[in-house]
Amino acid sequence: MGRRSRAERRAARKTKRANKKLKRADKREANGNTKRAEALRKRAAVLKEKSTTIKSQINGQVIRGLSAQIVEVNSLGNYRIKANWNFQQNELTAYDKLNLTLAPANPLRNNSWKQEGETTTSASTFTFKELTKNLRYTVKLFGSQNGTKKLLDRTFVKKNK
């Protein structure tokens, strides 16, 4: 098995820390300190939750109809990604607005940048700066019906080696 990604390693650390806390909680309870044990279990639960969300986001799955590929990389390291979706036209008429969001698939870097393109055409091109080699990106397609946003689809692309 190859080297685990940064997010996976971080998730594993969180799980390890959580398990340590649970072990300590058991010890405390054995010595009659139930209050402390409760607090530790609570904190461990939060850590576990965090590590699982990261893991589940690493294995992105395509729901339907949306595909994206890197079109070009210029000398500045800017990528142009083209996203297409092949929904039937009648499927789209129910939505007032369609909009694509591009973000790194690695949730730990989610605040690094975000770019949204509002569009109702079937192809959209985004430009953004690459952050690290082999980072995975996610393209999300949102549709809004009377102001309520719905995630219609998402897909993951990897930088070409």
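Just so we're aligned, residue 0 is where the sequence shown starts under numbering that gives the first Met the number 0, counting upward by one. Cβ coordinates follow ideal geometry from the N, Cα and C atoms, glycine included. All figures in this text were calculated on a predicted structure; none of them were measured in a lab.
- A Cβ-Cβ contact shorter than 8 Å links residue 13 with residue 49.
- Rounded to the nearest whole angstrom, the CA to CA distance from residue 38 to residue 151 is 39 Å.
- The residues 36, in chain order, have a CB closer than 8 Å to that of residue 28 in the same chain once the five nearest residues on each side in sequence are set aside.
- Counting the other Cβ atoms within 10 Å of the Cβ of residue 142 gives 16 or more, which makes it buried.
- Between residue 43 and residue 17, the gap from beta carbon to beta carbon is short of 8 Å.
- Rounded to the nearest angstrom, the gap between the Cα atoms of residue 146 and residue 140 is 15 Å.
- A residue is called buried once 16 or more other Cβ atoms fall within 10 Å of its Cβ, and residue 15, having fewer, is exposed.
- Under DSSP, the beta-bridge partners assigned to residue 150 are 141.
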